[in-house]
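This report concerns only the one structure given below.
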Amino acid sequence: MSWHGWLTFSVVALPLAGFLLWVSGQYLRARHEETETVLRKGLPAEAEITAYASNLRGATVQYRFLAKGWENPIAVTQRPPQGSKFAIGDKVEIRYLPAHPHIAVIVPESG
Numbered sequence: 056m057s058w059h060g061w062l063t064f065s066v067v068a069l070p071l072a073g074f075l076l077w078v079s080g081q082y083l084r085a086r087h088e089e090t091e092t093v094l095r096k097g098l099p100a101e102a103e104i105t106a107y108a109s110n111l112r113g114a115t116v117q118y119r120f121l122a123k124g125w126e127n128p129i130a131v132t133q134r135p136p137q138g139s140k141f142a143i144g145d146k147v148e149i150r151y152l153p154a155h156p157h158i159a160v161i162v163p164e165s166g
């Protein structure tokens, strides 16, 4: 490849790579802030684990709970807190936003 080709490649590829890194960083920061907000401002509830899958790329846990003022249980799927192991039927403490109960997180065990 000539130096014109390398120059064109660097002018296009480097800013694109930087932009993609910035977008992924913003996404991760937003998820972290959402979790912190729910843990700080959310209402407590008890949920039952309905599914747990531990994959190579990361585990997922599904749970359901009855939010205050709702007739039917709400099911939420999320990544579990670091180092957590669950079994189907386990009861866990969660926090959820009252205006949006589908936004919920499992409260990490302290200690």
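Counted from 1, the sequence shown has number 135 at position 80 by my numbering; the numbering is strictly sequential. Each residue gets a CB set at the ideal place from its N, CA and C atoms; glycine is no exception.
> When DSSP builds the beta bridges, which residues end up paired with residue 228?
Replying inline: The question about residue 228 has no answer here: the residues shown for the chain are numbered 56 through 166.
>> Using only the alpha-carbon positions, how far apart do residue 163 and residue 155 sit?
In response: Cα to Cα, the separation comes out at about 20 Å.
>> Helix, strand or coil, according to DSSP, for residue 109 in the structure here?
In response: strand
> Are the beta-carbon atoms of residue 152 and residue 96 separated by less than 8 Å?
Replying inline: For the pair residue 152 and residue 96, the CB atoms are nearer than the 8 Å cut-off.
> Taking the beta strand (DSSP E) that residue 29 falls in, what are its first and last residues?
Replying inline: An answer regarding residue 29 cannot be provided, because it is not within the stretch 56 to 166 covered by the chain.
> Do you know whose CA, among 104, 74 and 123, lies nearest residue 132's CA?
Replying inline: 104
> Using a Cβ-Cβ cut-off of 6 Å (strictly less than) and excluding sequence neighbours within five positions of residue 147, which residues of its own chain qualify?
Replying inline: 102 and 161
> Can you list, in chain order, the residues of its chain whose CB lies under 7 Å from that of residue 166, leaving out five sequence neighbours each side?
Replying inline: A caution first: residue 166 carries a pLDDT of 47, below 50, which makes its placement in the model too unreliable to give a value.
> For residue 99, which three-state DSSP category applies?
Replying inline: strand
> What three-state label does DSSP hand residue 137 in the structure shown?
Replying inline: DSSP places residue 137 in coil when its eight states are reduced to three.
> With a Cβ-Cβ cutoff of 8 Å, do residue 135 and residue 114 count as a contact?
Replying inline: yes
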